[in-house]
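Plus 43 on top of the position in the sequence shown (first one is 1) and you've got our numbering. Structure first, commentary second.
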Amino acid sequence: LEKSAILSGKGRKYLRDLFRFLKPVQQSPKSRWVRCFSAKRDGWAARTFHEKCNGKAPNIVLVSVGGRYVFGGYSDVAWTMSGRGYQSSTKSFLFTLRNKNGYRPEKLPLKRTPDEQAIWDHRSCGPAFGDPWFGCGRDLFIADNAGGNKASCTEPHKYARPQGATSDGPCDVFAGEHRFTPDEMEVFHEVVD
44 LEKSAILSGK GRKYLRDLFR FLKPVQQSPK SRWVRCFSAK RDGWAARTFH EKCNGKAPNI
104 VLVSVGGRYV FGGYSDVAWT MSGRGYQSST KSFLFTLRNK NGYRPEKLPL KRTPDEQAIW
164 DHRSCGPAFG DPWFGCGRDL FIADNAGGNK ASCTEPHKYA RPQGATSDGP CDVFAGEHRF
224 TPDEMEVFHE VVD
């Protein structure tokens, strides 16, 4: 995570907060987080994300919007290209490091565990957390070719909602608006030495 382009230049505070969120779920204190995907380097195709990151878990997804907002999700479940759909998890969570409302970083756990719909795993999209709710589609959804469209969105339902969010429906706290175009996405997986 120290090599994250999204976190570079943001100060050590972002890394400290992220490691604080990860500490309870890390496999070992000596773990390293290795980048398997960067949209700026690898492109925005969902297929490329899956080719580079499938089978690598646990993993963390970092998203940047407008160079200002930083958020993402952690999954203890590996991505696949099977198109099998939902995956269960007890440890997955969403997080925001810097958001529209300026609230301090926040970890957003699953509302109940285990949750059979914690992760949406499908070859037609990038990382997706949660189930369909209202119009968005997922709690955190990164669309295919997300850097060139406004189809990615946040609408927490399975995961806790951040401070300042309404109780249900679309959520603009993460990215400044409910539907967004990310400018970078990175995915890291945990490696135990």
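Where is the CB? At the ideal position from N, CA and C, for every residue including glycine.
Residue span of the beta strand (DSSP E) that contains residue 78, given as start and end: Numbered from its first residue, the sequence shown carries residue 78 at position 35. Per DSSP, residue 78 belongs to the beta strand (DSSP E) from 75–81.
Ordered along the chain, which non-local residues of its own chain (more than five positions away) have a Cβ less than 7 Å from that of residue 99? Here the question's residue 99 lines up with position 56 in the sequence shown. Here the set comprises 79, 121 and 232.
Going by DSSP, what residue range makes up the beta strand (DSSP E) through residue 231? For this step, residue 231 is matched to residue 188 along the sequence shown. That run of the beta strand (DSSP E) goes 227–234.
Take residue 88 and list the residues in its own chain whose beta-carbon comes closer than 7 Å to its own, dropping the five residues that flank it on each side. Counting from one through the sequence shown, the residue named residue 88 turns up at place 45. Closer than 7 Å at the Cβ level, and outside the excluded window around residue 88, lie 187 and 188.
What is the rounded straight-line gap between the Cα of residue 197 and the Cα of residue 204? Counted from its first residue, the sequence shown places residue 197 at position 154. Counted from its first residue, the sequence shown places residue 204 at position 161. Looking at the two C-alpha atoms, the distance is approximately 10 Å.
Endpoints, the alpha helix (DSSP H) within which residue 174 is located: Position 131 of the sequence shown holds residue 174. Neither: residue 174 is in no alpha helix (DSSP H) and is coded neither H nor E.
Since residue 138 contacts residue 114 with CB under 8 Å, what's their CB separation in whole angstroms? Locating residue 138 in the sequence shown gives position 95, counting from the first residue. Locating residue 114 in the sequence shown gives position 71, counting from the first residue. Residue 138 to residue 114, Cβ: 6 Å. Contact.
In the DSSP output, which residue or residues are listed as bridge partners for residue 149? The residue you call residue 149 lines up with position 106 of the sequence shown. DSSP output for residue 149 lists 139 as bridge partner(s).
As a quick exercise: from 227, 47, 201 and 200, pick the residue whose alpha carbon is nearest that of residue 191. As a working mapping, residue 191 is identified with position 148 in the sequence shown. The option with the nearest alpha carbon to residue 191 is 227.
Closest by C-alpha distance to residue 144, when choosing among 65, 218, 106 and 135: Looking up residue 144 in the sequence shown gives position 101. Minimum Cα distance to residue 144 is reached at 218.
Anticipated Cβ contact below 8 Å, residue 124 with residue 166, distance rounded: What you label residue 124 is simply residue 81 of the sequence shown in a count that begins at 1. What you label residue 166 is simply residue 123 of the sequence shown in a count that begins at 1. Indeed they touch by this definition, with Cβ atoms about 5 Å apart.
What are the boundary residues of the alpha helix (DSSP H) that residue 57 is part of? Residue mapping note: residue 57 aligns to position 14 of the sequence shown, counting from 1. Counting along the chain, the alpha helix (DSSP H) containing residue 57 begins and ends at 55–65.
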